[in-house]
Amino acid sequence: MTRDGRSSYAAAQAFAQTLANAAGEGSPVPPGRSSRPTQRDIAEMAGVSITTVSHVVNGTRAVAEETRAAVLRAIETTGYTGDAIARSLVTGGTRSIGVAISLMANPYFAMLMQAVEREAAAAGYTVLLADTHDELETEQSTVRALRSRRVEGLLITPAPGDGQVVGELVSLGVPTVLVDRLATRGDVDQVGAENIQATSALTEHLASLGHRRIGLISGAAGLSTSEERTLGYRLGLGRGGLAWNPDLVECGHSSRDGGAAALRTLLALPEPPTALVVANDGMMVGVLHEARSRGLKIGRDLPVVVYDDVEWADLVDPPLTTMAQPIEEIGRRAVRLLLARIADPDRKAEVVRLPPTLRHRESCGCVGIHPVR
């Protein structure tokens, strides 16, 4: 709502009517035709098909600049206000950004969204959120839906196996920033936490306590974060003087149920791990439930460290030793990168890696806070 109580839609209608009056519109409406301009009217005036008008309005396909200009002139002349998208073509922007993220996959993402919304609001932008459920097809449809709302740019946490969606956004020139799950490509802005050295530090910490069979519950396959944290685990084993044993690694599919199932598998080994690295807090919830159902005391019977540090990490018994990501800073930098890209589409792409913090608590018998080196 605007400050005087009118909706932005009503304000846009009034603006469009002003444009129409300035253009001299006011002739009688042809019989059988609504007084409100339609895409058919735009198509006839611009000398193009309705499909072409739709592509210009929705940004669903590249259109020749001359054709696009003709459609925009027709929109402005007629005062077409069929939706927020058409209005934004005339006014120059919606002051909104879209976020395609999986809120169900990990509590971390809900916290990240709060940081994004705060930074966007401070810059005068609204945030439109679409939950991808960490599924590629859903991600594709949510990105289309966000673009249909004419958001000025997108923050996206790619679903497992994604490459096509990001590639299409880049080729279409849509301002895009990858958040958390970063890619190897160098033509798109990206911001996330450092994963390899951080997970190595978690693993080395357990090794320093004398553990020789350290297990890993890894995240979903196809995610850059899963691959990087697994690499960090292997690096930490080597630094701790331990050999890599694939039997001690089980995929938890980045979910609560997956984490519980992975722990069951590891504990069923002839020689189960004596300590555990869990690659995110979503899976850690499952580990806690499974351990409790077996009467195992985390820290005493099974020392555990986890990558991620949600609000409840120091509230469970025992408090968890974690690798805390700088969530607030990731959200802030992501929005700033996106707004910079919107303002200057030709600027060089940036990749920002922010260091997390190792927080020693009691799940492995430690206290204190030390930054990752």
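All the letters of the sequence shown, read from the start, carry residue numbers 14 to 386 under the working numbering. In this text, a Cβ means the ideal position worked out from N, Cα and C, and glycines have one as well. Values in this document were obtained by computation on a predicted structure and should not be read as measured data.
For residue i versus residue j, is the C-beta spacing smaller than 8 Å?
i      : j      : result
Thr139 : Ser115 : no
Leu215 : Gly205 : no
Leu333 : Val348 : no
Leu282 : Asp260 : yes
Gly312 : Gly271 : no
Thr189 : Leu167 : yes
Gly235 : Gly174 : yes
Asp321 : Tyr121 : yes
Ile63  : Val84  : no
Ile230 : Ala292 : yes
Leu159 : Ala128 : no
Ala362 : Asp193 : no
His91  : Thr80  : Per the sequence shown, the amino acid found at residue 91 is Thr instead of His. The answer is no: Cβ separation not under 8 Å.
How big is the Cα-Cα spacing for residue i and residue j?
i      : j      : result
Glu303 : Val290 : 15 Å
Ser221 : Leu371 : 15 Å
Ser161 : Thr170 : 19 Å
Glu78  : Leu191 : 28 Å
Gly111 : Leu141 : 5 Å
Val365 : Gln203 : 6 Å
Tyr134 : Ser213 : Reading off the sequence shown, one finds Ala at residue 134, where the question assumed Tyr. Near 36 Å, if we compare the C-alpha coordinates of Ser213 and Ala134.
Gly249 : His224 : 12 Å
Ile209 : Tyr246 : 8 Å
Glu324 : Pro285 : 30 Å
Glu130 : Ile355 : 17 Å
Ile340 : Arg346 : 10 Å
Leu352 : Thr151 : 25 Å
Val156 : Arg74  : 14 Å
Could you check how far apart the C-beta atoms of residue i and residue j are, in whole angstroms? I think they sit under 8 Å.
i      : j      : result
Cys264 : Ala256 : Not confirmed; about 20 Å, so no contact.
With burial defined as no fewer than 16 other Cβ atoms inside 10 Å of the residue's Cβ, what is the status of residue i: buried or exposed?
i      : result
Ser306 : exposed
Pro369 : buried
Pro50  : buried
Gln177 : exposed
Thr197 : exposed
Leu182 : buried
Arg269 : buried
Going by DSSP, what residues sit across from residue i in a beta bridge?
i      : result
Gly228 : Leu289
Leu142 : Val112
Gly205 : Arg366
Tyr320 : Met336
Ile6   : Residue 6 cannot be examined here, being either before or after the span of the chain that is shown, 14 to 386.
Glu263 : Ile230
Ile355 : Paired residue(s): none; Ile355 is not in a bridge.
What do you reckon, is the C-beta of residue i under 7 Å from a heavy atom of the ligand SAM?
i      : result
Leu309 : Among the components modelled here there is no ligand, and therefore nothing to report on the ligand SAM.
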